[in-house]
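Using full-length UniProt numbering, you'd call the opening residue of the sequence shown number 1 and step up by one each time.
Note that the Cβ used here is the ideal one computed from N, Cα and C, for glycine as well.
The structure appears below as structure tokens.
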Amino acid sequence: MTTPSKRKEGDEGLQGQITTVDLQDESSARGRIDNVDAFMNIRLANVTYTDRWGHQVELDDLFVTGRNVRYVHIPDDVNITATIEQQLQIIHRVRNFGGKGQGRREFPSKKL
């Protein structure tokens, strides 16, 4: 059974997986996820695009803008909890580049 998800943190961890993306206009695209960005834009390769009337077209690649994504189906063999935790750790490492306990120093501390 495939579980739909709207979580972009997990989507970045799905790169290389074959999945189905349901679109806002009731069409869908099934293919390998090549890239996902922070705006939920998804680039798929080896795509079978199915329009709302059921007509299918084979495409080499397809770029879907984030605003057109309704659901991303998570493959059964993906542990989505572990995938999301892994992506959050990556985000945490990037945000806390100052070292342990130092955090990000956006504003200098005032010495009174």
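**Request:** List in chain order: all unbroken beta strand (DSSP E) runs of 3+ residues lying wholly within the UniProt domain "Sm" (6 to 78).
**Result:** Complete beta strand (DSSP E) runs here, min 3: 18 to 23, 28 to 36, 42 to 50, 56 to 64 and 69 to 74.
**Prompt:** With distances taken from CA atoms, which of Glu-26, Asp-60, Gly-13 and Asp-77 is nearest residue 139?
**Reply:** Residue 139 lies beyond the range of the chain shown here (1 to 112); nothing can be said about it.
**Request:** Just confirm the distance between the C-beta atoms of residue 114 and Thr-48, as a whole number of angstroms; I'd bet it's less than 8 angstroms.
**Result:** Nothing about residue 114 can be read from this structure; the chain reaches only from 1 to 112.
**Request:** Would you decide whether Leu-14 is buried or exposed? Buried here means 16 or more other CB atoms lie within 10 Å of its CB.
**Result:** Per the 10 Å Cβ criterion, buried.
**Burial state of Thr-19 (16 or more Cβ within 10 Å)** = The residue in question, Thr-19, is buried, as its Cβ has 16 or more Cβ neighbours within 10 Å.
**Request:** Confirm, please, whether the CB-CB distance from Gln-17 to Ile-42 is below 9 angstroms.
**Result:** Not in contact: Ile-42 and Gln-17 (Cβ atoms no closer than 9 angstroms).
**Asked** Can you tell me whether Ile-90 is buried or exposed, with buried defined as 16 or more other CB within 10 angstroms of its CB?
**Response** Burial call: exposed.
**Prompt:** For Thr-50, which residues from the same chain have a beta carbon less than 7 angstroms from its beta carbon, with the 5 sequence-adjacent residues on both sides left out?
**Reply:** Apart from the 5 residues on each side of it in sequence, Thr-50 sits with its Cβ closer than 7 angstroms to the Cβ of Ser-27, Ser-28 and Gln-56 in its chain, given in chain order.
**Prompt:** Of all the options Val-64, Asp-25 and Val-21, which has the alpha carbon lying nearest to the alpha carbon of Phe-39?
**Reply:** Per the C-alpha coordinates, the member of Val-64, Asp-25 and Val-21 positioned closest to Phe-39 is Val-64.
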